[in-house]
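Read left to right, the sequence shown gives residues 6 to 211 (the working numbering).
Don't be surprised by glycine CBs; every beta carbon is placed ideally from N, CA and C.
Here's the structure, in structure tokens; my notes come after.
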Amino acid sequence: MASVSKWNDICFWALGGGGGGPQTAFGIRCHPGNLQVGLAAGVGLDLPPGCTSWLQGNGIDTAGLTLLRDRGGGAGNGVGGGWEGGGADSSDFISAAAPPTIDTSYCPTPRAWQITEHDGRRTQVWRTPACPALYAMLRPPAVVLPPSYLTARAFHIGVHPERPDLILLGALRVSNPAALVSVEPFTHAQSPAGVGIAGVVIGGVV
Numbered sequence: 006m007a008s009v010s011k012w013n014d015i016c017f018w019a020l021g022g023g024g025g026g027p028q029t030a031f032g033i034r035c036h037p038g039n040l041q042v043g044l045a046a047g048v049g050l051d052l053p054p055g056c057t058s059w060l061q062g063n064g065i066d067t068a069g070l071t072l073l074r075d076r077g078g079g080a081g082n083g084v085g086g087g088w089e090g091g092g093a094d095s096s097d098f099i100s101a102a103a104p105p106t107i108d109t110s111y112c113p114t115p116r117a118w119q120i121t122e123h124d125g126r127r128t129q130v131w132r133t134p135a136c137p138a139l140y141a142m143l144r145p146p147a148v149v150l151p152p153s154y155l156t157a158r159a160f161h162i163g164v165h166p167e168r169p170d171l172i173l174l175g176a177l178r179v180s181n182p183a184a185l186v187s188v189e190p191f192t193h194a195q196s197p198a199g200v201g202i203a204g205v206v207i208g209g210v211v
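Written as structure tokens, this is what we have:
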């Protein structure tokens, strides 16, 4: 979710480069008000150029796409060890539009298969290892985005119901207290989240 320097309608945090973020962005672009939207997500150097050009051709700004430096073990970045922010330091993110440093290794683009069965059951199979770095790429921290992105009138972000990224939600609320912040659970909870977590999430959204 990222708005852009001259656009400030709606920002989307992508679930990878091709999940809930792009889908929601496409839907908003169908609005008769011609709302301007942007996308924030971690991608790798392996992202086909045609993906970004197709997004841009459909009126979606891609300045919020970022690379993440690989600090060891491919996608196995474990810096910090925390779930919020993926355990990666914000200094490890750079704009995907910037020329990459030749002697630096970057994490690959998050990829997954979605297997949908006849009864509606859906199974996700990660094609890149699930690890702190991957989760960091799904929701880049607000601090790595261009300041103009944080002036959007609305933000839409996917959250894990048991481990919501409270740091990111709080940063969005602080960046623009008047903005609408909506959350979309991208998976089911193994157990009830509880009033405590729900209250914190709601407090950061409304």
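For residue i, the first and last residue of its enclosing alpha helix (DSSP H)
i	result
Ala141	137-143
Ser58	54-62
Straight-line Cα distance separating residue j from residue i
i	j	result
Gly55	Phe98	22 Å
Asn39	Ser95	33 Å
Ser153	Ser180	10 Å
Ala30	Trp59	13 Å
Gly81	Pro134	For Gly81, the predicted model reports a pLDDT of 39, less than 50, meaning its position is unreliable and no value from the coordinates is stated.
Ala147	Gly49	19 Å
Ser196	Pro169	14 Å
Arg178	Val42	18 Å
Anticipated Cβ contact below 8 Å, residue i with residue j, distance rounded
i	j	result
Gln129	Ala138	About 18 Å separates the two Cβ atoms, so there is no contact after all.
Per-residue DSSP class, three states only, for residue i
i	result
Leu72	strand
Ala176	helix
Pro190	strand
Ser100	strand
Leu185	strand
Gln195	coil
Thr29	helix
Thr67	strand
Continuous beta strand (DSSP E) stretch holding residue i: start and end
i	result
Leu44	42-47
Gly163	159-164
Arg127	127-131
Ala5	Residue 5 lies beyond the residue range present for the chain, which begins at 6 and ends at 211; the question has no answer from this structure.
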